[in-house]
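Take any residue in the sequence shown, note its place counting from 1, add 150, and you have its number in our numbering.
A short write-up of the structure that comes next.
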Amino acid sequence: FFYFFIFIMPRENQKKEENFSALLEKEVPELVEKGKQGDLSGALEGLYLLEKQTRQGGDFTTCGKIAREIVRVCRFSENWKQLNDTLVMLSKRRGQSKTVIQESVQEAMEILDSLESTDVAVELIKTLRSITEGKIFAELESAELTKRLAAIYERTGEIKSAAKVLQEVQVETLSKMETKEKVNYILEQVRLCLASNDYIRAHILSRKINQNLLLKDEFQQEKLTYHSLMIQYYQKHKKYAEIARAYQAIFNTQKVQNDEMEWRLNLKLLCIYSVLSPYSLEQSDLINRTNTLKKLEELPQYKALLKHFLTQELMRWPTIREGYKQELESFDEFNGESGEILWEVFQLRVIEHNIRVIAEYYQRIHTSRLCELLDLDELTAEKRLSDLVVNGSVYARIDRPAGIINFTKPSEPMDTLNDWRGNVNSLLNLIEQTCHLIQRENMVHQHAKAKARVQK
151 FFYFFIFIMP RENQKKEENF SALLEKEVPE LVEKGKQGDL SGALEGLYLL EKQTRQGGDF
211 TTCGKIAREI VRVCRFSENW KQLNDTLVML SKRRGQSKTV IQESVQEAME ILDSLESTDV
271 AVELIKTLRS ITEGKIFAEL ESAELTKRLA AIYERTGEIK SAAKVLQEVQ VETLSKMETK
331 EKVNYILEQV RLCLASNDYI RAHILSRKIN QNLLLKDEFQ QEKLTYHSLM IQYYQKHKKY
391 AEIARAYQAI FNTQKVQNDE MEWRLNLKLL CIYSVLSPYS LEQSDLINRT NTLKKLEELP
451 QYKALLKHFL TQELMRWPTI REGYKQELES FDEFNGESGE ILWEVFQLRV IEHNIRVIAE
511 YYQRIHTSRL CELLDLDELT AEKRLSDLVV NGSVYARIDR PAGIINFTKP SEPMDTLNDW
571 RGNVNSLLNL IEQTCHLIQR ENMVHQHAKA KARVQK
């Protein structure tokens, strides 16, 4: 009897679904026309009754269409407060279907494009966001509404508010959103963070994007946008090596390769920031890879620039500055206050290159001679040399009283012992080879001597 009771209860409580599609053709048009004639309250009262009837009858398809008509009636009357109240009421109806809520929200979102008043649009978006908040079935609509609200804040000059609003969306958790849409959404978050000078959060958000994803052909535009945004971030922190790698990624994009003007511009910037990057194995590899590009042959001035830094020869800063001043000042980066900083960095890289060349050819050098080769005063030359010694690029010891700089690195006891062992091994090998040659010559001589005796 117990099992029979469990089986029979669902059949007793099961709702019987009814079809109310005839209402859409008969009663709904009359009520809509009534609302257009100015009787908004009467039209809404009738539509509410139909909505309740279809909701309780289980015909949620028709109920959703009626909900759309309710929103349209409010829109036609331009009673925006009534519209907001109606949307909230529809979402809170007892036993309301997800479909009906989604239909009413989507219909209301279509109104946003035609609204001229910013205040009305903001209020409507806030109402819709409160309705969709925490509802997985409306997560796409919620994300789109947040994006629109941020766009409105940005147009009115409230950049920080726009960035703060858009950051609330954890777009990576939205299961219904396509991957490409997620990437674009995150890029928009990064852009607004950079615009509001929130560089730390911009960097955190940028790390949510999978770099391997940007290598696909269908993500070329997203790749260009991503690296353009990251260049802004790296410029703020003066990370010239990262900027160079970003321009390298942009240059290697097929879309840029097909546009001559674009690849020329990005290749020039790649060469410039490769030179401005601090010396390291990665920087050396980047310059060498860039120097082997075939398209660099069409930019002889930039190829010559890379050659200066790849050749173990001294460069005179006045000559370099004069030769590249006009070309580099054609870029916005080399003008204004930021331009002065880049010129100083450029000069610093030339000086560092010259010091490494001198350390390669000299074991000891007078300070006065070093200043002459670097075209610097003694204090500045010593400071630049000390910086390179600190970061490990060169080894040097300065004897100030004598005015002598020693570039020869003293060997460690273990290194000396290893060298001695290696020298002893080499000596023993030579002795063994010499004994072998002497023995061979003796055998040849004895054989020749014995042969001569036989002939006699």
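Ideal placement from N, C-alpha and C gives every residue a C-beta, glycine not left out.
As the structure is a prediction and not an experimental result, all values here were calculated from the model.
What is the DSSP secondary structure of residue i, reduced to helix, strand or coil?
i, result
"I359", "coil"
"R514", "strand"
"D209", "coil"
"I156", "Caution is warranted here: a pLDDT of 41 is assigned to I156, below 50, making its placement in the model unreliable, and the coordinate value is therefore given only provisionally. Helix."
"D549", "strand"
"N556", "strand"
"L520", "helix"
"Q320", "coil"
"T375", "helix"
"V604", "helix"
"S543", "coil"
"R466", "coil"
"K285", "coil"
"F481", "coil"
"Q187", "coil"
"N229", "coil"
"G192", "helix"
"K389", "coil"
"P563", "helix"
"R471", "helix"
"T306", "coil"
"E328", "coil"
"S346", "coil"
What do you get for residue i, buried or exposed, if any count of 16 or more other CB atoms within 10 angstroms of its CB means buried?
i, result
"Q451", "exposed"
"V604", "exposed"
"F151", "In this prediction, F151 scores a pLDDT of 39, lower than 50, which makes its location untrustworthy; no coordinate-derived value is stated."
"I501", "buried"
"V250", "buried"
"E522", "exposed"
"F226", "exposed"
"R439", "exposed"
"H597", "exposed"
"L520", "buried"
"V178", "buried"
"F287", "exposed"
"T584", "exposed"
"G245", "exposed"
"Y511", "exposed"
"N504", "buried"
"A602", "exposed"
Do residue i and residue j have their C-beta atoms closer together than 8 Å?
i, j, result
"V315", "T296", "yes"
"V340", "S356", "yes"
"V321", "T282", "no"
"A271", "L262", "yes"
"R514", "S543", "no"
"R205", "E257", "no"
"K184", "G192", "yes"
"S346", "I302", "no"
"Y349", "K386", "yes"
"L426", "V495", "yes"
"M259", "A293", "no"
"A300", "L265", "no"
"L417", "K445", "yes"
"G214", "E175", "no"
"K194", "I220", "Before going on, a small fix: residue 194 reads as Leu here, not Lys. In contact: L194 and I220 (Cβ atoms closer than 8 Å)."
"E477", "N485", "no"
Residue i to residue j, Cα distance in whole Å?
i, j, result
"R571", "E582", "16 Å"
"L379", "A546", "41 Å"
"E483", "G489", "6 Å"
"S98", "K358", "This structure leaves residue 98 out entirely; the chain is present only between 151 and 606."
"E591", "T566", "37 Å"
"I508", "A552", "19 Å"
"L337", "K373", "10 Å"
"S518", "V540", "22 Å"
"D569", "Y390", "40 Å"
"H595", "L577", "27 Å"
"N556", "A312", "59 Å"
"I275", "Y474", "53 Å"
"Q404", "F369", "11 Å"
"Q398", "E392", "10 Å"
"Y376", "Y383", "11 Å"
"A352", "Q317", "10 Å"
"T323", "T211", "29 Å"
"G188", "E289", "35 Å"
"A396", "L364", "13 Å"
Is the stretch 196 to 211 in contact with the stretch 226 to 234, if contact means three or more CB pairs nearer than 8 Å? no
Is there contact here, the stretch 463 to 471 with the stretch 420 to 437, by at least three beta-carbon pairs under 8 Å? no
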